[in-house]
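Numbering (UniProt numbering), first residue to last: 1 to 318. For glycine and all other residues, C-beta sits at the position ideal for the given N, C-alpha and C. Keep in mind it's a predicted model, so treat the numbers as computed, not measured. Have a look at the structure below before the remarks.
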């Protein structure tokens with residue numbers, strides 16, 4: 001992504017203040033999600049709408065390492081999504097794919113919650129990269145027939161139109177990219193069962209080697225969030241002070257455990273709310289207060305978003 005930014009006119013010195021330096025990033029197994037999303041937002045502000053899409057268009061299958069090679073040698077184009085779902089922590093811990101077939105159309109759904117603009121921009125890059133990777137696998141000029149985004153459109157769609165070459169919908173219920181099923185069933189140009197089997201073993205080894213630390217640390221943060229909720233949602237600064245660390249360190253430690261502070265707050269609120277709703281001794285108004293909401297109406301809306309049920313419906317069904 002930084003290479004693309006430099007190609008578009010930025011300088012290496014523009015990135016000297018990054019939490020993880022360019023040189024350090026070359027040797028890191030993973031980069032903290034929040035740092036990655038911060039960078040997406042920074043570069044979109046500097047280089048204009050569609051930068052993430054342009055980054056996606058610059059991706060080549062070799063950029064994905066052994067996983068990319070396994071895609072190139074698998075039997076059909078659509079297996080990229082099966083492999084991504086199975087081994088996705090080689091790339092990211094922020095989303096998974098699901099294929100939904102409707103007649104002769106396959107809707108490839110990206111199950112991801114865009115809690116901030118950086119995630120929206122990252123999703124644009126991911127779907128853009130999908131287009132060029134599928135073309136590389138098939139060595140054919142296959143293109144999607146529709147792309148959908150949950151977020152609102154940017155002011156300038158020039159890069160989007162050039163990348164996707166199909167109808168692009170915004171403010172939709174899901175992130176998805178749709179292809180003719182026949183295109184996803186195309187045989188890959190380098191299909192080789194023997195080599196693919198070997199590569200998949202390498203993928204397995206690489207996946208096992210990924211360190212996912214910090215479960216106890218996450219539980220400690222959850223406990224502090226839970227304690228603070230009755231007086232409102234605790235700011236990350238409050239939690240980091242209690243843990244005697246900086247906001248940046250707290251964010252990095254959570255990212256190492258594959259979670260963001262915002263998601264941890266939401267998850268803690270949802271768990272507490274569900275537990276209390278199962279216990280009829282608490283009124284919904286009290287539950288709203290104890291989970292950090294100043295108004296019951298705001299709690300009702302949030303709970304509906306989490307569970308697709310109102311608090312009353314959840315209580316009645318449990």
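Exercise for the section: Take residue 261 and list the residues in its own chain whose beta-carbon comes closer than 8 Å to its own, dropping the five residues that flank it on each side. Expected result: 221, 236, 239, 250, 251 and 254
Practice task
Alpha carbon to alpha carbon, how far is residue 284 from residue 312? Give it in angstroms, no decimals.
Solution key: 8 Å
Handout entry: Neighbourhood of residue 203 by C-beta, 6 Å cutoff - its chain only, sequence neighbours within 5 removed
Key = 66, 67, 70 and 87
Exercise for the section: Tell me, to the nearest whole angstrom, how far the beta carbon of residue 126 is from that of residue 184; I am working on the premise that it is less than 8 Å. Expected result: With 8 Å as the limit, residue 126 and residue 184 do not qualify as a contact, their Cβ atoms being about 17 Å apart.
Practice task
Under the assumption that residue 229 contacts residue 291 (Cβ atoms under 8 Å), give the Cβ distance between them as a whole number of angstroms.
Solution key: 6 Å
Practice task
Give me whichever residues DSSP pairs with residue 179 in a beta bridge.
Solution key: 106
Practice task
Taking residue 97 as the reference, give the member of 81, 241 and 155 with the closest Cα.
Solution key: 81
Handout entry: Whether residue 145 touches residue 182 by CB criterion (9 Å)
Key = no
Exercise for the section: Tell me whether residue 36 is buried or exposed, calling it buried when 16 or more other Cβ atoms sit within 10 Å of its Cβ. Expected result: buried
Practice task
Can you have a look at residue 175 and say buried or exposed, based on whether 16 or more other CB atoms are within 10 angstroms of its CB?
Solution key: buried
Problem - CA-to-CA distance, residue 259 to residue 39, given in whole angstroms - result: 18 Å
Handout entry: Uninterrupted alpha helix (DSSP H) stretches inside the segment 41 to 90 (no shorter than 4 residues)
Key = 51 to 58, 65 to 73 and 79 to 87
Problem - beta strand (DSSP E) segment containing residue 146, residue limits - result: 146 to 148
Exercise for the section: At 4 residues or longer, and completely inside the UniProt domain "HTH araC/xylS-type" (219 to 317): list those alpha helix (DSSP H) runs for me, N to C. Expected result: 236 to 242, 247 to 256, 261 to 278, 284 to 290, 296 to 307 and 311 to 317
Exercise for the section: Can you check DSSP and say which residues form a bridge with residue 111? Expected result: 96
Practice task
Apply the 10 Å Cβ neighbour rule to residue 231 and answer buried if 16 or more other Cβ atoms are within range, or exposed otherwise.
Solution key: exposed
Exercise for the section: Give the C-beta separation of residue 56 and residue 163 to the nearest angstrom, bearing in mind that I take them to be a contact with Cβ-Cβ under 8 Å. Expected result: 7 Å
Handout entry: Exposed unless 16 or more other CB atoms sit within 10 angstroms - verdict on residue 150
Key = buried
Exercise for the section: Would you mind sorting residue 103 into buried or exposed? The rule is 16 or more other CB atoms within 10 Å of its CB. Expected result: exposed
Exercise for the section: Can you say whether residue 101 is buried or exposed, counting buried as having 16 or more other CB atoms within 10 angstroms of its CB? Expected result: exposed
Exercise for the section: Per DSSP, which residues does residue 168 bridge with? Please list them. Expected result: 147
Exercise for the section: Count the other CB atoms, across all protein chains shown, that sit within 10 Å of the CB of residue 78; report buried if there are 16 or more and exposed otherwise. Expected result: buried
Exercise for the section: Would you list the residues sitting across from residue 187 in a DSSP beta bridge? Expected result: 76
Exercise for the section: Measuring alpha carbon to alpha carbon, tell me which of 42, 59 and 1 ends up nearest residue 133. Expected result: 59
Handout entry: Start-to-end residues for the alpha helix (DSSP H) that takes in residue 117
Key = 117 to 138
Problem - Distance between residue 194 and residue 62 (C-alpha atoms, nearest Å) - result: 19 Å
Practice task
Ignore the nearest five residues each way along the sequence and tell me which others in residue 140's own chain have a CB closer than 7 Å to its CB.
Solution key: 186
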